[in-house]
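Here's the structure, in structure tokens; my notes come after.
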Amino acid sequence: MRKIVSVTKRVVLVVVILVILAVKGLLVSYAFPRNVYWMDSVRMFFQKRLIKAAGTIQIETEVVDGFWNIIPADGALVWSEIQPFFHLLQPGDIMFSATEKYLSNLFIPWLWQHAVIYLWNRQILDVNEDGVMKRNFDELFNLQTISFLKSLIAFRIQRSDEEIESFVAAALTQIGKPYDFDFNIEDDSSLYCSELIRNALNEIGISLQTTNNFLREMISPSSAVAFMQGDVVLKNDFIELFHLSKEGKNLINLTEK
């Protein structure tokens with residue numbers, strides 16, 4: 005009996021050590037990607053599926069205040085409220101959105117969660133789990149049924165027409181690239197939304213500042229918005245066109261305040 009107990013303890017100890025080593029290996033792989041291929045492959049197998057699930061699973065009463073405090077939603081923007089502001093947009097304008105009712109909102113502790121580039125006639129350049137593609141704006145955020153959109157902000161690049169055309173052209177060349185589930189800005193073979201915008205802005209000499217998030221240098225939609233709002237005051241590379249939100253059931257444009 006003692007021998008059986010002793011063997012069981014050893015097995016448990018070995019399992020615990022293996023689990024610790026596996027977790028440590030995955031963390032090292034995340035912090036220092038592209039060093040050990042098989043470890044990156046294992047991590048990405050799980051990471052990709054987790055991110056996909058979090059971006060599609062809907063929950064019912066979600067606006068995230070801080071990291072984990074969930075409060076009821078007061079109301080969302082609908083297409084009929086947004087549409088009148090689209091006459092202000094020109095090709096190359098950049099929009100950022102804040103949403104609710106997706107499980108991913110629990111894991112993104114910042115206000116702004118997505119970014120798109122306006123092209124023409126309600127068409128945008130978007131990056132979602134299927135990669136970089138053109139879409140109609142009203143296909144996003146469940147706008148065609150029950151809206152999940154809480155806030156929308158738009159910026160214009162203050163450069164020449166030729167430079168803005170170069171920005172749009174650089175972004176359009178990325179169509180077809182897969183989504184960057186690893187959020188690795190050092191590898192442009194795949195892209196996430198604000199990474200696409202960062203890379204296209206680089207082509208016209210505008211550099212968005214990265215921030216360290218979750219052990220990675222990243223450019224998040226929120227850090228891009230903060231940079232652009234600060235840049236409006238400091239360097240005038242951007243102007244804010246509108247910032248739509250709700251106070252209860254009333255639409256407000258915070259840019260006018």
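In my numbering, the protein residues as written are 5 to 261.
Where is the CB? At the ideal position from N, CA and C, for every residue including glycine.
Check	Outcome
Please state whether the Cβ-Cβ distance between Ser200 and Gln233 is less than 8 Å.	One detail in the question is off: residue 200 reads as Leu in this sequence, not Ser. Not in contact: Leu200 and Gln233 (Cβ atoms no closer than 8 Å).
In this structure, does DSSP put Ala77 in helix, strand or coil?	With a pLDDT of only 48 at Ala77, under the threshold of 50, the placement of this residue in the model should not be trusted; the figure read from the coordinates follows. DSSP places Ala77 in coil when its eight states are reduced to three.
May I ask you to list the residues that DSSP assigns as paired with Arg139?	Ile128
Terminal residues of the continuous alpha helix (DSSP H) containing Leu205?	197 to 206
In or out: Asn257 buried (at least 16 other Cβ within 10 Å) or exposed?	exposed
With which residues is Ala174 paired in a DSSP beta bridge?	Its beta-bridge partners do not exist; DSSP assigns none.
Would DSSP call Glu85 helix, strand or coil?	helix
When you compare only the Cα positions, how much space is there between Glu166 and Ile98?	17 Å
For Phe242 and Leu212, I'd like the C-alpha separation in whole angstroms.	12 Å
Following the continuous beta strand (DSSP E) through Glu104, name the residue where it begins and the one where it ends.	Neither: Glu104 is in no beta strand (DSSP E) and is coded neither H nor E.
With a CB to CB cut of under 8 Å and the five nearest residues on each side skipped, what residues in its chain are close to Gln162?	Asn240, Asp241, Phe242, Ile243
Answer yes or no: do Cys197 and Val120 have a C-beta to C-beta separation smaller than 8 Å?	yes
Is it buried or exposed, Glu251, if we count other Cβ atoms within 10 angstroms and call 16 or more buried?	exposed
Can you tell me whether Phe187 is helix, strand or coil according to DSSP?	coil
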